[in-house]
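Okay, so here's the structure we're looking at.
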Amino acid sequence: MALATASIDFSALEANLARVKALAPQSKVMAVLKANAYGHGLVKIAQRLAAADAFAVARIEEALALRTGGITKPIVLLEGFFKASDIEIMLANNFQTIVHDEYQLEALEKAHLSGQIKVWLKVDTGMHRLGIEPRQFEHFYQRLKQCDNVCADVQLMTHFACADDATNTYNNKQLTTFMTLVKGKEEALCLANSAAIINYPQSHGQWVRPGLMMYGVSPVQGQVSADIGLIPVMSLRSEVIAVRKVRQGEPVGYGGNWQADKDTQLAVVAIGYGDGYPRHAGNGTPVLINGVRYPLVGRVSMDMITVDIGADNQNVKVGDDAVMWGVHLPIEEIAECADTIPYELLCNITPRVSYEYLG
Ligand SMILES: *Cc1c(COP(=O)(O)O)cnc(C)c1O
1449 MALATASIDF SALEANLARV KALAPQSKVM AVLKANAYGH GLVKIAQRLA AADAFAVARI
1509 EEALALRTGG ITKPIVLLEG FFKASDIEIM LANNFQTIVH DEYQLEALEK AHLSGQIKVW
1569 LKVDTGMHRL GIEPRQFEHF YQRLKQCDNV CADVQLMTHF ACADDATNTY NNKQLTTFMT
1629 LVKGKEEALC LANSAAIINY PQSHGQWVRP GLMMYGVSPV QGQVSADIGL IPVMSLRSEV
1689 IAVRKVRQGE PVGYGGNWQA DKDTQLAVVA IGYGDGYPRH AGNGTPVLIN GVRYPLVGRV
1749 SMDMITVDIG ADNQNVKVGD DAVMWGVHLP IEEIAECADT IPYELLCNIT PRVSYEYLG
């Protein structure tokens, strides 16, 4: 086995999708696979999500890679298309598109197509990133309805800015804005990302859009996956490549950022920011070696980290198994130690890391 390896547990993936369905039993699932399925491997993950109703990605290249990989389910482009020339590609490949801006509407109106494209009209209810303004809603809706190149059922979408915090009143404000706008419309609604699936059952609609939770990571502030019945899909592991002694007062790593306050031993593990392990992981970030937690000490290098295993430790040797995150070491905790979020850690896995798929 290669040194830095992302082990992907398919049975955990399937269990998490089942958990989504148990939480949103009335909704279809648009499984979000952008950014290489959050670092888990785009096509491999799609192949295992047979129980999903559709897939969603952020770029047309990701959607095409799914088709090349033999995936036949409907695919939704979460940011829509960016060039008029993409419209033919969408039609040929059964991609559905978000419409969030006038330029997309105009391109759809002007196109000469041999079929119709399924459209999701995205409304900005308060995130202020993508989406038409609520006051434009009826106008866009009617123009899409009248457009021959667009399927008659113009589906409706919005996105929450703060759903990870169930106490934030902004969520209800967005929900109310959306529900007021779409009142009386018969088309399918899609609002909920992972956090809203968990925190806001009233937002489920006909479709939900889970990303992070499918990969077994908590989207909710202050909770880890086990608290919400999810199982981490990825374990990031490597091996111990040296065990060494350091004496009291000796500095370790670049910048001498950490000094031993007593004699101890270090295990050097073959993983670093060149693999996607976060350089900002501070002194004390836990690492599992042979299943036991030890603190990272000194700066994360490109290819290695140093771990304080204690002066008297006889149990760690070259070749032993080290886990940076996984079932027994929540990625949520590592993200906090590195002052970031699990999403970023997962997306940052580099091509040097090899993948193994289990289950
Ligand atoms: C990424 C994304 C999602 C999935 O979000 P998670 O927090 O990972 O569940 C849903 N909807 C949109 C528009 C997205 O960009």
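For the record, in the sequence shown the residue sitting at position 55 is 1503 according to this note's numbering, with numbers rising by one throughout. Using N, Cα and C, we set each Cβ at its ideal position, and we do this for glycine too. Predicted model only: the values in this text are computed from it and were never measured.
Contact check for S1651 against A1611 passes: the beta carbons are separated by less than 9 Å.
In the three-state reduction of the DSSP assignment, E1510 falls in the helix class. Under the three-pair Cβ rule at 8 Å, the stretch 1756-1769 counts as touching the stretch 1698-1712. Distances from the CB of A1759 to the heavy atoms of ligand 1 are all 8 Å or more. With a cutoff of 8 Å, R1657 counts as near ligand 1, since its C-beta is closer than that to a heavy atom of the ligand. Taking 8 Å as the cut-off, the C-beta of A1636 does not count as close to any heavy atom of ligand 1. Annotated three-state conformation of R1692 is strand, per DSSP. CA-to-CA, the gap between A1540 and V1766 works out to about 53 Å.
A heavy atom of ligand 1 is found nearer than 8 Å to the CB of Y1486.
Nearest neighbour of L1678 by Cα position, chosen from I1646, V1477, N1763, turns out to be I1646.
If only complete runs of 3 or more residues are kept, the stretch 1714-1757 shows the beta strand (DSSP E) at 1734-1737, 1740-1745, 1753-1756, in order along the chain.
Comparing alpha carbon positions, the residue from G1518, A1559, M1682 closest to D1534 is A1559. Collapsing the DSSP output to three states places K1570 in a strand.
If you keep only unbroken alpha helix (DSSP H) runs of at least 4 residues inside the stretch 1486-1555, you get 1490-1496, 1508-1516, 1534-1540. When C-beta atoms of the stretch 1496-1508 are compared with those of the stretch 1464-1483, three or more pairs fall below 8 Å, so the two segments count as touching. Look at K1482: its beta carbon is less than 8 Å from one of the heavy atoms in ligand 1. For C1610, the three-state secondary structure derived from DSSP is coil.
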